[in-house]
Amino acid sequence: MKILAVFRGLMTLLALFIGGQTLATEYKIKVVVHFHFLKYCQVK
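The letter at position 7 of the sequence shown is residue 7 when you use this note's numbering, and the numbering goes up by one with no holes.
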């Protein structure tokens, strides 16, 4: 049963890591879009 516990722990870590990466990517996209939007507004 120890193997199952270790496996479950690894899966949880992996899920957290993927979730964190997704959030970070989403945040980066929002910042970039916002930055370009501000630049675009200044040009007009």
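Cβ atoms here follow ideal geometry from the backbone N, Cα and C, with glycine treated the same way.
What does the alpha-carbon distance come out to for the pair residue i and residue j?
i, j, result
"Val43", "Val31", "19 Å"
"Ile18", "Cys41", "34 Å"
"Ala15", "Ala24", "14 Å"
"Lys39", "Gly20", "29 Å"
"Leu10", "Leu4", "10 Å"
Please go through the same chain and pick out, in chain order, the residues whose beta-carbon is closer than 8 Å to the beta-carbon of residue i, but skip the five residues on each side of it.
i, result
"His34", "none"
Leaving aside the five residues before and after residue i along the sequence, list all residues of the same chain whose C-beta is less than 6 Å from its C-beta, in chain order.
i, result
"His36", "none"
Query raised in the report: Which ranges does the alpha helix (DSSP H) cover as unbroken runs of at least 4 residues, wholly within the region 17 to 42, from first to last along the chain?
Result: none
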